[in-house]
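In my numbering, the protein residues as written are 4 to 76. Don't be surprised by glycine CBs; every beta carbon is placed ideally from N, CA and C. Source: prediction; values computed, not measured. Encoded as structure tokens, the structure appears first; notes follow it.
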């Protein structure tokens with residue numbers, strides 16, 4: 004029974020490490036700058052920020068990073 008839970012424990016530890024790393028990056032880097040193409044809607048007492056281009060750039064960078072990391076296995 005204990006050996007059946009070992010992979011789940013490893014996944015939880017990995018998720019914890021990833022969350023800590025993301026937290027450190029967010030703290031160190033601060034806010035990601037707004038890129039041209041991001042949508043900002045300002046109304047009285049309301050601001051909607053929809054980072055379309057920022058999301059695309061981050062997705063592309065993460066895809067390249069994961070492809071490089073996983074291709075070395």
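Per the DSSP calculation, residue i is bridged to which residue(s)?
i         : result
residue 3 : This structure leaves residue 3 out entirely; the chain is present only between 4 and 76.
If you run the structure through DSSP and keep just helix, strand and coil, what is residue i?
i          : result
residue 13 : helix
residue 73 : helix
residue 3  : No statement about residue 3 is possible, as the shown extent of the chain runs from 4 to 76 and does not include it.
Identify which residue in the options has its Cα closest to the Cα of residue i.
i          : options        : result
residue 60 : 41, 51, 12, 24 : 41
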